[in-house]
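Below is one structure, written out as structure tokens; the observations come after it.
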């Protein structure tokens with residue numbers, strides 16, 4: 055079910071399936087990909103409790119093998135409306151018997167959207183409602199329309215980083231595991247990335263230990279978005295290497311299994327550890343630059 059929410063001249067639509075943002079419209083410009091399955095049938099899914107793929111789509115947790123799909127299961131679960139007030143709308147989902155078959159932890163997940171002036175903030179809040187520590191990876195995957203305006207090309211846009219980044223993007227193997235010993239894209243000091251479709255033949259550009267807390271995706275006239283993110287350690291960029299008119303700006307806490315993985319979930323990189331009743335809050339904000 056789609057839920058519409060408006061404030062300050064910004065209109066958003068959220069699908070209760072995954073509490074996924076489906077549109078972000080201001081001044082007749084939609085900034086979010088429309089989920090056309092010709093290129094990609096999603097728009098801005100939450101990634102939980104894994105980011106990317108596990109080797110063989112399985113992992114060992116507490117001496118038992120669990121099967122978790124690519125990017126986790128939360129994006130494919132129904133959320134309920136938790137709260138709607140003023141400039142904020144919040145959705146909630148919590149563990150059930152089916153999630154416990156894939157992931158043996160009891161969680162409560164809130165996804166909150168807040169409209170402030172010319173920006174939309176998306177928050178992921180994970181609460182441990184178990185009687186033991188829980189661990190997880192989490193990430194965002196919003197697809198930004200690119201180009202945004204008629205008469206433009208994908209290559210008219212560039213990504214500017216807050217800080218110069220050393221990029222060592224690993225090889226993504228056929229089973230989607232990462233080989234950090236084989237670097238397929240290297241920039242010793244990257245502050246501006248001019249978008250070209252051919253650079254995505256490597257699949258995803260992965261920037262581990264990102265220093266920037268925001269990037270700007272803008273055209274030659276300086277229009278586009280400022281994309282800020284908080285409590286994420288990796289920043290990735292993806293688009294299909296075809297004529298798909300969008301680019302995904304993806305803040306991650308965690309990533310695909312490494313090709314050298316021992317298959318144990320608790321040895322994955324960048325795991326969040328939560329004690330009972332603790333919460334983890336991470337977010338990204340899309341500021342409209344008109």
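In this note's numbering, the protein residues as written are 55 to 344. Glycine residues also receive a C-beta, built at the ideal position from the N, C-alpha and C atoms. Values in this document were obtained by computation on a predicted structure and should not be read as measured data.
Residue range 151-156 is occupied by the alpha helix (DSSP H) that includes residue 153. Pairing residue 288 with residue 262, the inter-Cα distance amounts to about 5 Å. Distance between residue 80 and residue 203, taken at the CA atoms: about 13 Å. Taken in chain order, the complete alpha helix (DSSP H) segments of 4 or more residues contained in the stretch 303-343 number zero; there are none.
Measuring C-alpha to C-alpha distances from residue 277 to each of 169, 199, 76 identifies 199 as the nearest. Boundaries of the beta strand (DSSP E) harbouring residue 167: 161-170, taken from the DSSP string. Cβ-Cβ distances below 8 Å link residue 84 to 77, 78, 199 in the same chain, with the five nearest sequence neighbours on each side left out; the list follows chain order. Residue 306 and residue 82 have their C-alpha atoms roughly 30 Å apart.
Of the candidates 126, 185, 66, 126 places its Cα closest to the Cα of residue 311. Looking at the DSSP output, residue 183 sits in no beta bridge, so it has no partner there. Counting only runs that start and end inside the stretch 114-140, there is no alpha helix (DSSP H) element of at least 4 residues.
When the alpha-carbon of residue 293 is set against those of 70, 95, 69, the nearest one is in 95. Taking 3 residues as the shortest admissible run, the stretch 247-303 contains the following complete beta strand (DSSP E) segments, listed from N- to C-terminal end: 259-262, 268-272, 278-284, 288-292. Cβ-Cβ distances below 6 Å link residue 339 to 173, 175, 282 in the same chain, with the five nearest sequence neighbours on each side left out; the list follows chain order.
Just so you know, the alpha carbons of residue 268 and residue 285 end up roughly 12 Å apart.
Judged by DSSP secondary structure, residue 214 falls within the beta strand (DSSP E) whose first and last residues are 212-226.
Burial of residue 191 is indicated by the presence of at least 16 other C-beta atoms within 10 angstroms of its C-beta.
When the alpha-carbon of residue 343 is set against those of 298, 280, 186, 328, the nearest one is in 280. By the C-beta density criterion, residue 255 is exposed, having fewer than 16 other C-beta atoms within 10 angstroms. At the C-beta level, residue 189 and residue 271 stay beyond 7 Å of one another. In this structure, residue 163 and residue 128 form a Cβ contact; the two beta carbons are roughly 6 Å apart against a cut-off of 8 Å.
The C-beta of residue 92 has fewer than 16 other C-beta atoms within 10 Å across all chains shown, which makes the residue exposed. Taking each of 225, 216, 168 in turn and checking the Cα distance to residue 68, the smallest one comes out for 168. Here residue 59 has 66, 143 as same chain residues with Cβ atoms under 6 Å from its own Cβ, once five neighbours each way along the sequence are excluded. Between residue 195 and residue 101, the CB-CB gap stays under 7 Å.
Note: residue 199 is bridge-paired with 300 in the DSSP secondary-structure output. Taking a 10 Å sphere around the C-beta of residue 314, we find fewer than 16 other C-beta atoms and assign the residue as exposed.
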